[in-house]
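For the sequence shown, the working numbering begins at 14 and goes up steadily by one.
Note that beta-carbon positions come from the ideal geometry of N, C-alpha and C, so glycine has one too.
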Amino acid sequence: MIHYNKRLILVFDYADEDLKKYMTNQSGAISVKVVKCFTYQMVKGIAYCHNNKVLHRDMKPQNLLISGKKILKLADFGLARASGIPVKNYTSEVVTLWYRPPDVLLGNQTYNNTIDMWSIGCIMAEMINATKAPLFTGKNEADQL
Numbered sequence: 014m015i016h017y018n019k020r021l022i023l024v025f026d027y028a029d030e031d032l033k034k035y036m037t038n039q040s041g042a043i044s045v046k047v048v049k050c051f052t053y054q055m056v057k058g059i060a061y062c063h064n065n066k067v068l069h070r071d072m073k074p075q076n077l078l079i080s081g082k083k084i085l086k087l088a089d090f091g092l093a094r095a096s097g098i099p100v101k102n103y104t105s106e107v108v109t110l111w112y113r114p115p116d117v118l119l120g121n122q123t124y125n126n127t128i129d130m131w132s133i134g135c136i137m138a139e140m141i142n143a144t145k146a147p148l149f150t151g152k153n154e155a156d157q158l
């Protein structure tokens, strides 16, 4: 981070693409080995966040950066919030619709780490899916449920 002239400049490592672009560029199915590798890295990354009391709240393929050596990095913490005890009420209008857990779709505002874990499960299913399409593709909250 660089603070300069009342501006905050964030500098990040370079990544070749995000997971969505990676999946799109694959001509066939993603190998089980790669799915396991990416899933492991997602879980390790989100575990680090959760151990440090941070909820990402917007896990989706576009927010997962992939380097040329298949190193996955969590990105876009714009909706991230601190978590902990006492449990806070959060907004239920977080997480891109297709990756939003059912309890949040129903208006739950006292969610915890499970909000990110549901999204990871959806992303993993998307990688495994032969068409590489999202698991749930609702047009609105009711349709998503």
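In terms of residues, what are the limits of the beta strand (DSSP E) holding Ile-15?
Residue mapping note: residue 15 aligns to position 2 of the sequence shown, counting from 1. It spans 15 to 17 - the beta strand (DSSP E) in which Ile-15 sits, taken as one unbroken run.
**Prompt:** Thr-150 to Thr-109, Cα distance in whole Å?
**Reply:** The count along the sequence shown starts at 1 and reaches residue 150 at position 137. The count along the sequence shown starts at 1 and reaches residue 109 at position 96. Rounded to the nearest angstrom, the two C-alpha atoms are 11 Å apart.
Cβ-Cβ distance between Asp-71 and Gly-91 below 8 Å:
Counting from one through the sequence shown, the residue named residue 71 turns up at place 58. Counting from one through the sequence shown, the residue named residue 91 turns up at place 78. Yes. Within cutoff.
Using the Cβ count rule (16 or more neighbours within 10 Å means buried), how would you classify Phe-51? Position 38 of the sequence shown, counting from 1, holds the residue named residue 51. Classification of Phe-51: buried, given that the 10 Å Cβ count is 16 or more.
By alpha-carbon positions, which one of Ile-59, Ala-88, Gln-157 and Asn-38 ends up nearest to Leu-23?
Within the sequence shown, numbered from 1, the residue matching residue 23 stands at position 10. Leu-23 has its Cα closest to that of Ala-88, out of Ile-59, Ala-88, Gln-157 and Asn-38.
- Item | Pair within 8 Å by beta-carbon distance, Leu-68 and Leu-118 | Taking the first residue of the sequence shown as position 1, residue 68 is located at position 55. Taking the first residue of the sequence shown as position 1, residue 118 is located at position 105. Their beta carbons are not under 8 Å apart, which means Leu-68 does not touch Leu-118 by this criterion.
| request: Tell me the start and end of each unbroken beta strand (DSSP E) in the stretch 28 to 97 that is at least 3 residues and wholly inside, in chain order. | output: Counting only unbroken stretches of 3 or more residues, the beta strand (DSSP E) elements lying wholly within the stretch 28 to 97 are 77 to 79 and 85 to 87, in sequence order.
*Straight-line Cα distance separating Ala-60 from Tyr-53*: The residue you call residue 53 lines up with position 40 of the sequence shown. The residue you call residue 60 lines up with position 47 of the sequence shown. Using only the alpha carbons, I get a separation of about 10 Å.
* **For Leu-23, the three-state DSSP class (helix, strand or coil)** => For this step, residue 23 is matched to residue 10 along the sequence shown. Residue state, collapsed to three classes: coil.
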